[in-house]
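Residue numbers (the numbering used here): 899 to 1559. Backbone N, C-alpha and C fix where the C-beta goes; we use that ideal spot for every residue, glycine too.
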């Protein structure tokens, strides 16, 4: 027999190959996906053929494992199986998959042939698709929870200071860009920064063009978090979680506790990344899956749309980028496929600001519109050059995850540099798209989102109070004009303005009550208390004007009586005096000027003396029998008494200001 084999081998030069059926299809079992610990569903078949492709019978073939995943038990892979080829030239073997998932390599050889053949199969856990989905969802949940938890912790530590920083340092576009980068790096969310801008614009703290530089900076800042993810920091995620946890539990000082929360959140972010990366790893073992996923890059527009929709749903471009980078770590995506997803994530992240602008004023809507228009325009500009951009990014790093992170950074950095010189014309374009519209009367500056920052919230309440004071001041001037002209429409307008004053008083008071529940320095606490009293004083002045002064004016209009020349001169003088006290009180309030507040408070006694003087003068005219004085006596005396009340309420404002310092 051995002599026969030698003659056969020398004459026909047979060799080992992967078995094929008569139609030429591979039936060797190479690339099978099987379940761990179970027999392979199909046999491993090695074929021996001669140079003409004809089967050779009677050739002994050995098959053994040459490579297995770490931890595979010996009993699964130690056996060497031997078979002899049949008439079809087939040697057939049956194996059990190892107990560990991964790739197993087999090698077929023959003692009488020179060549060897290698095959592999993929061993997966039972129901691995289910566990893959659970791993992705669980890792994603950890990642998102870490983002939100960290953002809230940072807000508790420095939220008020961040808002004040944003409030003060956005007048210069370049400075605004840097502030946007800084705040977004700390809050780990460009969406949070943009929503903050929407609130500031709505409250009038910043004008629309000031927000544009910050938006550019926020978009650059969010890429730095992605850069951190692209480093394999998740290998030490559990250590970071442990450090943060113990700081939270044992940190007695508030700052240490919340710093621990931030560290704990970062650990969760990185651990979520690890879970997602581990979850998708089995896909890399399945033949053809990687190729199909990479081939998705040939449909960039579809990837862009899907990415934008997903990012809009989860309100986080960072979450989308985390998934892309986890795929990049596993080699399931190339840079050409990642770039359209990056573009889509940049558009989808704008949804949060759009939702935040719903129900707000035109300034807030302009901020949201400017953000999404900016992103769309940049994607349109970059989209035709995806391949060139991918080539450029490829030069930045040999690591695919780093390339993905770099593409995200470069896109937003290029966009910021391109747009920065054109912010003024761009703001005018958005303003034309969203012109101001007339809306019903409502508070303008009382944004609840500022309540966590007492300094800004107090400033906003003061601005709304000054707005209220302007209405009261115009009411007083208009009421005197009604006495002069008997103009009924102007009288009705004064009554309507009092409704505005009442609405503002209610809203400002409620806002200040909520604010007073927050922790704040003593000086701010005193200012809040003073504003509560001052708002009440303005409301009382408004009531005196609408419920007393214009009622007297109505009597004058209906009856047609006239004040005496001397009497009307006194009324005019008292109007002017009370009006001047009110003006001084408003000026003192605007700056909390103690010197001016003292002068305002001193005018109370002067007003009472003036009332006594005018009261005696009127009685003197009555004794002399002046006709006009007799006809207007009741109205005259009530009118000057109410003007003294107005003066007294205005003087009280000065005293409340003095209580602050």
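Residue i - partner residues in DSSP beta bridges
i: residue 1418; result: None; residue 1418 has no bridge partner.
i: residue 1476; result: None, per the DSSP bridge assignment.
i: residue 1007; result: 960
i: residue 1547; result: According to DSSP, which records beta bridges pairwise, residue 1547 is partnered with nothing at all.
i: residue 1123; result: Partner(s): none; residue 1123 has no beta bridge.
i: residue 913; result: 947
Limits of the beta strand (DSSP E) - the one that residue i falls within
i: residue 1017; result: 1015 to 1022
Heavy atom of the ligand COA within 8 Å of residue i beta-carbon
i: residue 1144; result: With respect to the ligand COA, the structure offers nothing, as it holds no ligand at all.
Extent of the continuous alpha helix (DSSP H) to which residue i belongs
i: residue 1105; result: Element bounds for residue 1105: n/a, residue is neither H nor E.
i: residue 1560; result: Look at the range of the chain in this structure, 899 to 1559, and you will see that residue 1560 is not part of it.
i: residue 1299; result: 1298 to 1317
i: residue 1444; result: Run containing residue 1444: none; DSSP gives neither H nor E here.
i: residue 1330; result: 1321 to 1331
i: residue 1148; result: 1135 to 1148
i: residue 1289; result: 1284 to 1292
CA nearest to the CA of residue i, picked from the options
i: residue 920; options: 951, 911 and 927; result: 951
i: residue 1244; options: 1204, 1283 and 937; result: 1204
i: residue 1445; options: 1541, 1509 and 1510; result: 1541
i: residue 1544; options: 1297, 1161 and 1481; result: 1481
i: residue 936; options: 1024, 925 and 942; result: 1024
i: residue 1133; options: 1176, 1406, 1091 and 1117; result: 1176
i: residue 1032; options: 1418, 1174, 1375 and 1416; result: 1174
i: residue 1475; options: 1442, 1546 and 1014; result: 1546
i: residue 1105; options: 1041, 1325, 1015 and 1274; result: 1325
i: residue 1449; options: 1413, 1426 and 1390; result: 1390
i: residue 1536; options: 1551, 1344, 1513 and 1556; result: 1513
i: residue 1272; options: 1250, 1317 and 1290; result: 1317
i: residue 1143; options: 1162, 1094 and 983; result: 1162
i: residue 1483; options: 1468, 1471, 1470 and 1500; result: 1500
i: residue 1365; options: 1432, 945, 1520 and 1296; result: 1432
i: residue 1092; options: 1107, 1112, 1076 and 1074; result: 1112
i: residue 934; options: 993, 1234, 1015 and 983; result: 993
i: residue 947; options: 939, 925 and 915; result: 915
i: residue 1277; options: 1308, 1251, 1263 and 1294; result: 1308
i: residue 1342; options: 1409, 1350 and 1306; result: 1409
i: residue 924; options: 1393, 1153, 941 and 1297; result: 941
i: residue 1473; options: 1510, 1427, 1108 and 1538; result: 1538
i: residue 1485; options: 958, 1363 and 1042; result: 1363
i: residue 1400; options: 1330, 1434, 1344 and 1320; result: 1434
i: residue 1241; options: 913, 1359 and 1222; result: 1222
i: residue 1269; options: 1047, 1461, 1511 and 1088; result: 1088
i: residue 1041; options: 1429, 1158, 931 and 1169; result: 1169
i: residue 928; options: 1006, 957, 911 and 982; result: 1006
i: residue 1426; options: 1138, 1508, 1559 and 955; result: 1559
i: residue 1402; options: 965, 1413, 1340 and 1353; result: 1340
i: residue 1461; options: 1251, 1520, 1440 and 1419; result: 1520
i: residue 911; options: 1428, 1011 and 1421; result: 1011
i: residue 1036; options: 1442, 1352 and 1172; result: 1172
i: residue 1557; options: 1428, 1122, 1265 and 1015; result: 1428
i: residue 1398; options: 1436, 1507, 1016 and 1296; result: 1436
i: residue 930; options: 1463, 1225, 964 and 1003; result: 1003
**Prompt:** How about the segment 1009 to 1025 and the segment 980 to 987: do they share at least three Cβ pairs that are nearer than 8 Å?
**Reply:** Not touching, per the Cβ criterion.
**Asked** Taking the runs of the alpha helix (DSSP H) that are 4 residues or longer, which of them lie wholly in the segment 917 to 1002?
**Response** Complete alpha helix (DSSP H) runs here, min 4: 972 to 975.
**Prompt:** Which residue spans inside the segment 1211 to 1263 form an unbroken alpha helix (DSSP H) run of at least 4?
**Reply:** Listed in chain order, they are 1215 to 1227, 1233 to 1246 and 1249 to 1255.
**Prompt:** Between the segment 1307 to 1314 and the segment 1367 to 1385, do at least 3 Cβ pairs fall closer than 8 Å?
**Reply:** Two segments are said to touch when three or more pairs of C-beta atoms, one from each, lie closer than 8 Å; by this definition the segment 1307 to 1314 does not touch the segment 1367 to 1385.
**Request:** Check whether the segment 963 to 974 touches the segment 994 to 1003, taking contact to mean three or more Cβ pairs, one atom from each stretch, closer than 8 Å.
**Result:** Counting Cβ pairs under 8 Å, three or more are found: they touch.
**Item:** Contact between the segment 1384 to 1399 and the segment 1451 to 1461 (3+ Cβ pairs under 8 Å)
**Value:** Yes, the segment 1384 to 1399 is in contact with the segment 1451 to 1461.
**Asked** Does the count of Cβ pairs from the segment 1550 to 1558 and the segment 1490 to 1499 closer than 8 Å reach three?
**Response** Contact between the segment 1550 to 1558 and the segment 1490 to 1499 is present, because at least three Cβ pairs lie under 8 Å.
**Asked** Looking at C-beta atoms only, is the number of pairs between the segment 1284 to 1302 and the segment 1251 to 1261 that lie closer than 8 Å three or more?
**Response** The segment 1284 to 1302 vs the segment 1251 to 1261: no contact.
**Message:** Three Cβ pairs or more, each shorter than 8 Å: is that satisfied between the segment 1145 to 1165 and the segment 1299 to 1306?
**Reply:** Not touching, per the Cβ criterion.
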